[in-house]
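A short write-up of the structure that comes next.
Protein chains in written order, with the working numbering: chain E, 544 to 703; chain F, 27 to 459.
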């Protein structure tokens, strides 16, 4: 988001410094192109915030009980979701774990976790995309989001 | 008059000075004879009843689980995972101040169970139970050569720890925890049906009895002493009544699996964590029922058609004490020492590891509870004996807890030891009067 914001500022600044005379300033700011840019920023922000809160809803209902409100998991039982490749890395592997569960004792952060994670095949592609994107961008994590189409494709490839 | 007054006060000062000298002299002499325990001035942040004091004898061990103390006061510690090929530590206090001065180790396997009983040290991995003879000083004679008493016990990740205790006749009672939450076909999966009957109970979900003088026993040589126990991490033989007592970790996720029947608040509190007295052949009812401490009843599990109200399990035993849900009773100890006041004699101490399955509600536990006993039965309500292990008032996730009580042991002088597998500390609680 900050990149969009910054480039927008640069565009505005350049516009006012080089393209327009002082008297034209008002007019220049009213130009359709600029308005479109200004208006575009808000919906993108809104959409991201909305999908994060949708993702949090899915997390709260299905994941929080084991992985905890702060994603720190439970020592020895349920792995943390913070700073781990299993969450931040390969999208397919993450979607696979959410769909099919995991009970093989993945070593995460040097720890072993013994509880079985059930699969969540009954969730929709959209719900899985939302929750996967949520955990990739919560608890201090930052990674590209996963969209519904990607989940759909992964699900299809797993059931082959 | 004035000079007499002066003289009087001078002699008072002199007397006081002599007295102080005498007292400190005595104290120093006493110190040389019997060194005093270095009880922490703030009890290491642990709240204990008045008259008790706390020492932290060691800190930062790697996940210490159960502990045992020999007649000399040496502490044996079972580590969850072996570190540098050492899964058992032996801790010694050489100068008598209570703090550990010497640490050694052996036993290249992780686990939870460890018991010092007469001339032997017993310890378990997640599949086996070993026995080590002790010398006259309570030290393991040959750390590299242990007798394998029990082998081949089921260990399928969940609830794999093999806690155990011994009776006075040379029998070992070991927990073989159910590798499942509620015996669903797919463990913990929403909508997955329960097994009917629950076949896990054939080889797990109960307490098995073995002998302490036979090697290489497995299921064929053992006896399923009690069944229907999901996972009992705390076991102790009550020597005054000659009976086995266990603390069960109740099932998880009522609300996650059955949101229409249980809200998150109800699910945080249910079902009860339970203390049972066990007779041979007993069935505690898992997975078909659970115990509701508020309704004081055995309730049909929702996987088996329950609705949160329907009672069932008429043949299943009732707990002797029911605690709030999910607090994880990890150790049980009947106090037989003489250091603590009369009230504590033959009563039960229970180490609660602290919950996780109460989320999104705040977590509970992280304390040592006490249940007074008379004639082998609870004689009053349970109470919190030692608290504050978590290090802060509100714990949202268990990883925030500084210390998590896991093991209990009684020292030869009657001190109560508490191990902590989060901070790696071992606390010693003493009564000062």
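The beta-carbon is built from N, C-alpha and C at its ideal position, and this holds for glycine as well.
Residues bridged to residue i by DSSP?
i	result
residue 197 (chain F)	F:237
residue 157 (chain F)	F:148, F:173
residue 321 (chain F)	Partner(s): none; residue 321 (chain F) has no beta bridge.
residue 316 (chain F)	F:325
residue 654 (chain E)	E:651
residue 359 (chain F)	F:375
residue 404 (chain F)	F:399
residue 308 (chain F)	F:252
residue 220 (chain F)	F:210
With distances taken Cα to Cα, identify the nearest neighbour of residue i among the options.
i	options	result
residue 136 (chain F)	F:187, F:163, F:426	F:187
residue 155 (chain F)	F:418, F:248, F:359	F:248
residue 371 (chain F)	F:359, F:228, F:378	F:359
residue 89 (chain F)	F:73, F:106, F:362	F:106
residue 206 (chain F)	E:661, E:622, E:696	E:661
residue 305 (chain F)	F:138, F:212, F:270	F:270
residue 369 (chain F)	F:281, F:355, F:409	F:409
residue 701 (chain E)	E:593, E:594, E:639, E:598	E:639
residue 272 (chain F)	F:323, F:374, F:113	F:374
residue 144 (chain F)	F:229, F:297, F:126, F:159	F:159
residue 650 (chain E)	F:313, F:86, F:183	F:183
residue 227 (chain F)	F:167, F:153, F:314	F:314
residue 121 (chain F)	F:115, F:420, F:100	F:100
residue 195 (chain F)	F:437, F:264, F:417	F:264
residue 198 (chain F)	F:355, F:299, F:262	F:262
residue 254 (chain F)	F:277, F:245, F:437	F:277
residue 593 (chain E)	E:686, E:674, E:695, E:698	E:674
In the DSSP assignment, the beta strand (DSSP E) including residue i goes from what residue to what residue?
i	result
residue 81 (chain F)	78-84
residue 349 (chain F)	347-349
residue 409 (chain F)	409-412
residue 394 (chain F)	393-397
residue 101 (chain F)	101-109
residue 191 (chain F)	190-192
residue 283 (chain F)	Here residue 283 (chain F) belongs to no beta strand (DSSP E); instead the alpha helix (DSSP H) covers 280-283.
residue 446 (chain F)	442-446
residue 129 (chain F)	128-132
residue 92 (chain F)	90-95
residue 113 (chain F)	112-118
residue 433 (chain F)	431-436
residue 300 (chain F)	299-304
residue 140 (chain F)	140-143
residue 457 (chain F)	452-457
residue 253 (chain F)	249-253
If residue i sits next to residue j, beta carbons under 8 Å apart, how far is it from one beta carbon to the other, in whole angstroms?
i	j	result
residue 659 (chain E)	residue 693 (chain E)	Not a contact, Cβ separation roughly 26 Å.
residue 12 (chain F)	residue 250 (chain F)	Absent from the model: residue 12 (chain F). The displayed extent of chain F is 27 to 459, so no value can be given.
residue 124 (chain F)	residue 63 (chain F)	4 Å
residue 176 (chain F)	residue 236 (chain F)	5 Å
residue 301 (chain F)	residue 259 (chain F)	Contact doesn't hold; Cβ gap of about 12 Å is too wide.
residue 612 (chain E)	residue 422 (chain F)	5 Å
residue 289 (chain F)	residue 281 (chain F)	6 Å
residue 484 (chain F)	residue 104 (chain F)	With chain F running from 27 to 459 in the structure shown, residue 484 (chain F) is simply not present.
residue 179 (chain F)	residue 94 (chain F)	Their Cβ separation, rounded to whole angstroms, is 20 Å, which puts residue 179 (chain F) and residue 94 (chain F) out of contact at 8 Å.
residue 231 (chain F)	residue 190 (chain F)	Incorrect: roughly 16 Å between the Cβ atoms, too far for contact.
residue 339 (chain F)	residue 311 (chain F)	4 Å
residue 73 (chain F)	residue 414 (chain F)	5 Å
residue 337 (chain F)	residue 323 (chain F)	5 Å
residue 208 (chain F)	residue 329 (chain F)	5 Å
residue 450 (chain F)	residue 87 (chain F)	4 Å
Go to residue i, then tell me how far its alpha helix (DSSP H) extends in each direction, as first and last residue.
i	result
residue 628 (chain E)	628-631
residue 693 (chain E)	691-701
residue 634 (chain E)	634-643
residue 668 (chain E)	668-679
residue 377 (chain F)	Where residue 377 (chain F) is concerned, there is no enclosing alpha helix (DSSP H), although the beta strand (DSSP E) it sits in stretches over 374-378.
residue 607 (chain E)	607-610
residue 294 (chain F)	290-295
residue 266 (chain F)	First-last for residue 266 (chain F): undefined, no H or E at that position.
Below 8 Å on C-beta distance, what does residue i contact in chain B?
i	result
residue 662 (chain E)	Protein chains E and F are contained in the structure displayed, whereas chain B is not.
Practice item. Take every Cβ of the stretch 625-634 of chain E, pair it with every Cβ of the stretch 428-445 of chain F, and state whether three or more of those distances are shorter than 8 Å. Key: no
Check your understanding: Are the stretch 423-436 of chain F and the stretch 396-406 of chain F in contact at 8 Å, needing three or more beta carbon pairs?
Key -> no
Practice item. Indicate whether the contact test is met: 3 or more Cβ pairs, each with one atom in the stretch 377-387 of chain F and one in the stretch 597-608 of chain E, closer than 8 Å. Key: yes
Check your understanding: Taking three-plus beta-carbon pairs below 8 Å as touching, is the stretch 210-223 of chain F in contact with the stretch 339-356 of chain F?
Key -> no
Check your understanding: Are the stretch 445-454 of chain F and the stretch 77-84 of chain F touching by the rule of at least three beta carbon pairs closer than 8 Å?
Key -> yes
Review point. Within the chosen definition, does the stretch 617-627 of chain E reach the stretch 640-658 of chain E through at least 3 CB pairs nearer than 8 Å?
Key: yes
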